[in-house]
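Using the working numbering, the first residue of the sequence shown is number 6, and each one after it goes up by one.
Backbone N, C-alpha and C fix where the C-beta goes; we use that ideal spot for every residue, glycine too.
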Amino acid sequence: MAAALLAVVAAVAALAALDMWSESANHTQLHITKADWQVSDAPGFSAAPATQDSSLLPNAWQTAGLPHALPVALLRQAAAAAPGTTRTTWFRVSSQGLPPTKLPLALYGARVRTDGTVAVYADGRLVHTAQQQGPLWNSPRMPLWVPLEKTADGSAPREILIRLEHTRASQVALSSLWLGPAEALSWRHSWRYWLQLELPAMFSTAFLAVGIFALFVWFKWRHRTAYLLFFVLAATSFLRGLHFYVGFLIANDWFAWLSVNSLFWLVATVHFSIVLLHRHRQPWLTGSLIAVTVLMGLLTLPMNAPLPNTPQVTPLIYAVVALMGVSVSLAGAINAWRRASGEAMLVAMGTALCTVFGAGDWLQQSNFTSPEGWYLGAWTNAISFSIFGALLYRRYVGAIVEVEQVNASLAERLKAREIELEMSHQRLRAVEQRQLLGEERQRMMQDMHDGLGSTLISAIRSVEHGGMSDAKVSQILKDCMDDLKLAIDSMEPVEADLLLLLATLRFRLEPRLEGTGVTLFWEVQELPTLQWLDPSSALHILRIVQESVANILRHTRATEIRVATSVAGDGVQVIISDNGQGFDVEKALEEATGKGLHNQRRRAQMLRGTVAWESGPGGTRFTLWLPKAPTVAHSV
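What follows is the structure, given as C-alpha cells:
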C-alpha cells in the first residue's frame, strides 16, 4: 500500500512540477480557462453532424470559466424536462493569444464528463468524435486529446466548438483546455493517461493473475480459505474497474449491473477476509452485508429492475456501498484492536482508505469538486493488491521460517539422538569387549588346560617314574613352548587375513628349522579375506598347520617343506608338501599313533573345512580347505 501511494504522490508531484515549468518556460502553449457555453434539448441521441456553425445554435451564449461543471439547478431543470429528451451542452473557445508555430497542433483536456457523444469542431468542421455508450461505459479517467490541422494559410483554427450530448440528469463537466504544439502537450496527455488508466490497469491485471494463482493453491489445499478469498477479492476488483479500461460487446445494462454490484461483492469479500484474520465472528454485520448485497443485486437486475441504472439512482447506490465500506473498516479496526491482530488492522485501514478514495471520486463525478482533480479510486486495486499481497508474502515467508525452525529442531533432535546412540554404542562396545575378553580368557584357560596343561602333566609323571629320557623330556617341553606361542599368536590381530596369520607361523618356524637341514619354501599367493577369522578360529588353523609341520619333522626325514596357498571354488586352501619318505595314510588313521591326524580333521570340521593327505615314496601333500563364507569356530 505504501509503495502504491508513494508512486501516486511522486507522479502527481512530478506532473505539477512539469506544469509549473511549462507555464514559465514554454510560451508556445495556450491555457484556455474561459469559454462560451449553452444547452439545448433534443428528442433523443443523434449523430454529430459533419459541420456545425456556432452562430446557428438556438440559444444565446453565456460566458463560463474552465474547469466548468453544470450546476445542480441545471440538473433539476433537466430532470423536469419531457421524458425521452436528451440535452446537448456546447462549449466554444477561441485560439486567440496562441503564439504562431510551424509545428502540428493539438487540443488537450484533463477530463470530459458526459454519458453520450463527445464531438470537437475546428472552425465548424468535425475533427474528433467519441461515443461514450452509456453511463457506466463512460470513462471519466480518459483525458481529451484532439490533433488539429492548421488552416490553409498555416494558422491555427480560430474557433473550437465542443459538443457534449448526455441524458437529462447526467453530471456533465469539462476541465480547462490546453492548445499548442502536439509535441509540447503530449507529455501532459501521456502522464495523465498512464497514471489514470495504464498503471491502474496493470495493477488490476497483476492482482487478478496472483488471484488465479491463489485459486490453484486453494484447489490443492481446500482448508486454506484465505487463498479462495484472495481470488474472489482479485476477481471482483478486476470486474469493478473493467469498464474503465475495456469495452465489451454486451448490453450496457448487464455491464452496468456487473460493475455496480461488483462493489458490493468486493466489500463483502473484504469483510470475510478481516473476520478470517482477527478470528472474531460478527454475525449481525455479516448477515446485513449479505442481505444488502443480495437485495441490491436483485433490485438492479436489467430485467424489469425496480432500480434501473440511471444517473439519479447510481449515486445513491454508491452511497450505500460507501456506508458498507465505513461499517466494515470501523468494525474490522475495533475487533483487530481487541484481538491484537496487526494483519486485520492493516486490511481495515486499507478498506477505510479505499472508501475515502471512492467517496472523493463520487464527489468529483457528481460535480461537487473540480473535474481536473485526480481519480484516486483508480488506485484502490493497487492498494488492495499491495495489502493482500503483503499478507500472502508474510504468510509465505512465515511458512518458510517455520519450516526452517522445524528443520533446525529436527536437526538438533537428530544430533542429540545420534549422540545418545553413540554413547549407547560405546557402552555396548565396552560391554561386548568385556564379554569377549572374558570369553577369550576362558578359552585360553581351557586351551592351556586341555593342551599345554595335559602335556606338562604327562611329562611330569614320566619324569617322576623315570620312564622318559632327557631327549624326550626336552622334546615335550619344546612342544609345550610351541603350543604356548601358538596361543599367543592367535591373539594377534590379523584383520581376517589368512596370509598374515600364516606369516606369524613362519616367523615361529624359521628359527626352529635352523640346524635341522630342512629348507622352508614359502609359495603363498593373495587370498580373499575371511570375515569369520577370529582368535579362536586362528588358533585352530595354526594348530592344524603346526601339526602338519611337526609330523614332517618327526617322521618323514624330509629336507624340503613347501607352504603354498590358492583359491579353490568357494573357499581357500593351504597346501603343505615335503620330499620325505611318505606314509600309509589309512593305516595311520586306524592306528593309535594317528591321533594327530584325527585332531587335524576335528579342528578343520570345527571351521567347516576339510583336510586331505596324499602320501607316497616321493613325499606327502597335505591340504587344508577353508570356506570363504562366515563360519562358527568352537573352542578347542
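Residue from the options with nearest C-alpha to residue i
i, options, result
"T91", "T38, R168, S553, H133", "R168"
"W630", "V579, L532, G403", "V579"
"L165", "P533, P307, V132", "Per the sequence shown, the amino acid found at residue 165 is Ile instead of Leu. Of the candidates P533, P307, V132, the one whose C-alpha sits nearest the C-alpha of I165 is V132."
"K155", "R146, Q176, H171, P186", "P186"
"W668", "A206, R613, V125", "Only positions 6 to 641 of the chain appear in the structure, and residue 668 is not among them; the question remains open."
"F50", "V123, W66, T68", "V123"
"V550", "R97, L268, T509", "T509"
"T94", "L112, E519, A65, A115", "A65"
"S191", "Q34, I566, T374, R432", "Q34"
"H73", "A178, L62, T274", "A178"
"V361", "R197, S264, I388", "I388"
"M308", "I322, A261, I339, A345", "A261"
"R193", "L108, R606, M147", "M147"
"F96", "D58, L75, D41, A135", "D41"
"L514", "P533, L558, S541, S542", "L558"
"T385", "E409, G292, L358, V408", "L358"
"A273", "L303, P152, V326, W223", "V326"
"S571", "T172, V590, T534, L602", "T534"
"S582", "A573, R607, H36, E565", "E565"
"P540", "L506, R567, T374, Q410", "L506"
"L544", "E591, W196, A609", "A609"
"V117", "R606, T356, S180, L62", "S180"
For residue i, the three-state DSSP class (helix, strand or coil)
i, result
"T625", "strand"
"W630", "strand"
"D120", "coil"
"A240", "helix"
"A74", "strand"
"H285", "coil"
"E377", "coil"
"G643", "Summary: the structure shown does not reach residue 643, with the chain confined to residues 6 through 641, and so no result is reported for it."
"S620", "strand"
"T360", "helix"
"L108", "coil"
"L220", "helix"
Pairwise C-alpha distance: residue j and residue i
i, j, result
"T625", "E619", "6 Å"
"M354", "L271", "15 Å"
"V44", "E348", "52 Å"
"A174", "T119", "10 Å"
"E531", "D575", "15 Å"
"T305", "L110", "45 Å"
"K225", "F218", "11 Å"
"T561", "F588", "8 Å"
"E423", "V436", "19 Å"
"G70", "R284", "54 Å"
"V331", "G363", "11 Å"
"L282", "N372", "38 Å"
"W367", "P205", "18 Å"
"A634", "F627", "22 Å"
"F243", "L415", "44 Å"
"E528", "R511", "12 Å"
"P376", "N412", "59 Å"
"A421", "R517", "57 Å"
"T298", "S59", "48 Å"
"G621", "Q586", "7 Å"
"A338", "L149", "41 Å"
"V125", "Y113", "12 Å"
"R399", "L268", "27 Å"
"F236", "S334", "20 Å"
DSSP bridge partner residues for residue i (one or two, in chain order)
i, result
"F50", "For F50, which the question treats as bridged, DSSP gives no partner whatsoever."
"D583", "I566"
"T56", "R130"
"D41", "T68, R97"
"R92", "D46, H171"
"Q578", "S571, W630"
"T615", "W630"
"H228", "None; H228 has no bridge partner."
"H603", "Partner(s): none; H603 has no beta bridge."
"L35", "L184"
"V406", "In DSSP, V406 forms no bridge with anything."
Any chain D beta carbon closer than 7 Å to residue i
i, result
"T106", "Within the model displayed, chain D is absent; a lone protein chain is all it includes."
Which residue spans inside the segment 294-355 form an unbroken alpha helix (DSSP H) run of at least 4?
With a minimum length of 4 residues, the continuous alpha helix (DSSP H) runs that stay inside the segment 294-355 are 319-344.
Taking the runs of the beta strand (DSSP E) that are 3 residues or longer, which of them lie wholly in the segment 516-565?
Here the runs fully enclosed are 524-528.
What alpha helix (DSSP H) runs, 4 residues minimum, are completely inside the segment 129-212?
The segment 129-212 contains these whole alpha helix (DSSP H) runs: 187-198.
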